[in-house]
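Here is the structure we will look at, set down as structure tokens.
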Amino acid sequence: NNANIQSRLITAYIELENYTNIEKVVKRFPENKVTQNQYETLQSQLMTAYIKTGRYKEAINIAKKYPDNVIFQSKVVQVLIIISDYKRGEEIAKRFPDNIIMQSQLMSIYIKTEEYDEAIKLGENDKSEVIQSNLISVYLLQEKYNKVEEIAKKFDCAEIQSQLVTAYINQR
Numbered sequence: 792n793n794a795n796i797q798s799r800l801i802t803a804y805i806e807l808e809n810y811t812n813i814e815k816v817v818k819r820f821p822e823n824k825v826t827q828n829q830y831e832t833l834q835s836q837l838m839t840a841y842i843k844t845g846r847y848k849e850a851i852n853i854a855k856k857y858p859d860n861v862i863f864q865s866k867v868v869q870v871l872i873i874i875s876d877y878k879r880g881e882e883i884a885k886r887f888p889d890n891i892i893m894q895s896q897l898m899s900i901y902i903k904t905e906e907y908d909e910a911i912k913l914g915e916n917d918k919s920e921v922i923q924s925n926l927i928s929v930y931l932l933q934e935k936y937n938k939v940e941e942i943a944k945k946f947d948c949a950e951i952q953s954q955l956v957t958a959y960i961n962q963r
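At position 168 of the sequence shown the residue is numbered 959 (this note's numbering), and the sequence of numbers has no breaks.
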């Protein structure tokens, strides 16, 4: 249908970094003219455009309508990290403990604010590859190379293995 075609057009605009046309396309589809899922997709894409163009306040305003939607809220956390409002970002990310994107953003906040103990606690509780890779970054910052090796042995992932090489180089 027409909204799906428009959504694909917006995706193309985002990839081409042609953000000025996205708002025009989205406004042609008011909430009462498309399904809820289509509307949320269009709003999410508009948020992405706002974030990429530095229109953070407008992006956050869209998300206010979706306080329990992890996709919208993860974009809010992304904005809060960009503008260094780490406390608010942390509060939102902690509301979604089972979501890997939110937990990864939370780990980023802990690293940026040098709350390494919190990052380590998160890494000890979440054994996903993404979080473990971030945990290795913490250990590298703390020069705890034995911990890097310990984690790296559990994963056959190029990024984690390259971090292990970094640890070996730094250990010398």
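No residue lacks a Cβ here, since even glycine has one placed at the ideal position from N, Cα and C. The model shown is predicted, which means the values in this text are computed figures rather than measured ones.
For the 8 Å CB-CB criterion, valine 921 and serine 953 do not form a contact. If only complete runs of 4 or more residues are kept, the stretch 915-957 shows the alpha helix (DSSP H) at 920-932 and 936-943, in order along the chain. Note on alanine 910: 16 or more other CB atoms within 10 angstroms of its CB, so buried under the neighbour-count rule. Sixteen is the threshold: when 16 or more other Cβ atoms of the shown chains lie within 10 Å of the Cβ of serine 798, as they do, the residue is buried. Between valine 929 and isoleucine 805, the alpha-carbon positions lie close to 33 Å from each other. Just so you know, the alpha carbons of arginine 846 and alanine 794 end up roughly 24 Å apart. Contact between leucine 800 and valine 817 is ruled out by a C-beta separation of about 10 Å, above the 8 Å threshold. Counting the other CB atoms within 10 Å of its CB gives alanine 949 a total below 16, which places it among the exposed residues.
The alpha carbon of lysine 878 has as its nearest neighbour, out of Lys903, Ile891, Val861 and Tyr841, the alpha carbon of Lys903. Taken through DSSP and simplified to helix, strand or coil, aspartate 908 comes out as helix. According to the DSSP assignment, arginine 879 belongs to the alpha helix (DSSP H) that extends over 877-885. Inclusion of alanine 850 and tyrosine 841 in the CB contact set at 8 Å is warranted, their separation being smaller than that value.
About 19 Å separates the beta carbons of glutamine 962 and phenylalanine 946, which is beyond the 8 Å limit, so they are not a contact pair. Counting of Cβ neighbours within 10 angstroms places asparagine 925 among the buried residues, the total reaching 16 or more. The three-state secondary structure of leucine 807, taken from DSSP, is coil. Under the DSSP assignment, phenylalanine 863 falls in the alpha helix (DSSP H) whose first and last residues are 861-873.
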